[in-house]
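The sequence shown begins at -8 in this note's numbering and counts up one residue at a time.
Have a look at the structure below before the remarks.
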Amino acid sequence: MLMQKLNTIADWIIRIVMINIITIILSIPIITIYPAMSAAYNLFSDYTNKDEVNLFSGYFGYFKKDLWKKIVLSLVFILVLTLGYANVTYYLEYLNNQSGIFYLVGYYITIVLLIAAFVVVLYSFTVVSVYPKAKYVTIYKLSFFLAGKFFLKTILLIVSTVLPFLMLLAPITAMLFVFSGVSLSILLNVLITKQAVIYLKGLGENNV
């Protein structure tokens, strides 16, 4: 029993490290960030459901599946998040130089929209995993709906996604991030969205 537990722990460490490294490497071209993270999400989903698929063939199989569609999603999300960040910076710069209710309201509205876009990105991995053939608008709508339906889990999802990236703030933990940071963030996403997956499957593909 002890050896079995040690083997299980060793398997998970290897999975986390290897998936982390592969995901980071495949995300370097930027436009492949979404396909890479989506593949990691699907693979971790398999492992948490005790589906022992091969790590490399499983990962690259998910990566190549509907690749163009995921690249388009990646480009859209990158554009939205970039514009949101630029707007926040714009309003913040004006607020530092002069006060005004217009800039203050605009600043907070942009922050809310930026968080909403970020949450939609996080839940989109779940939607695409369950319904890979869903249309773009359907993916956005379902992702936004899930964020509201599972509000408390959404807050937990945001925290669990951001926390691993705080490892980049220190040199020692930054090294750990290279080997596990991205994987841990995605694995936590898989665990938190399990209830959302069950809900989506209950909808049925004909209703999506």
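For glycine and all other residues, C-beta sits at the position ideal for the given N, C-alpha and C.
Asked, Found
"V110 versus P20, T152, M28, residue with shortest Cα-Cα distance", "T152"
"Member of L46, L143, I102, F68 whose CA lies at the smallest distance from the CA of I130", "F68"
"Uninterrupted alpha helix (DSSP H) stretches inside the region 127 to 165 (no shorter than 4 residues)", "127 to 140, 142 to 153"
"Length of the line joining the Cα atoms of V155 and M166", "Reading off the sequence shown, one finds Pro at residue 155, where the question assumed Val. Spanning the two alpha carbons is a distance of roughly 12 angstroms."
"Which of helix, strand or coil DSSP assigns to A108", "helix"
"K192 - DSSP class collapsed to helix/strand/coil", "helix"
"Pair within 9 angstroms by beta-carbon distance, N45 and F170", "no"
"Contact under 9 angstroms by Cβ, F141 with T184", "yes"
"6 angstroms CB neighbourhood of A27 in its chain, flanking five on each side removed", "T14, L17, S18"
"Where E84 falls: helix, strand or coil (DSSP)", "helix"
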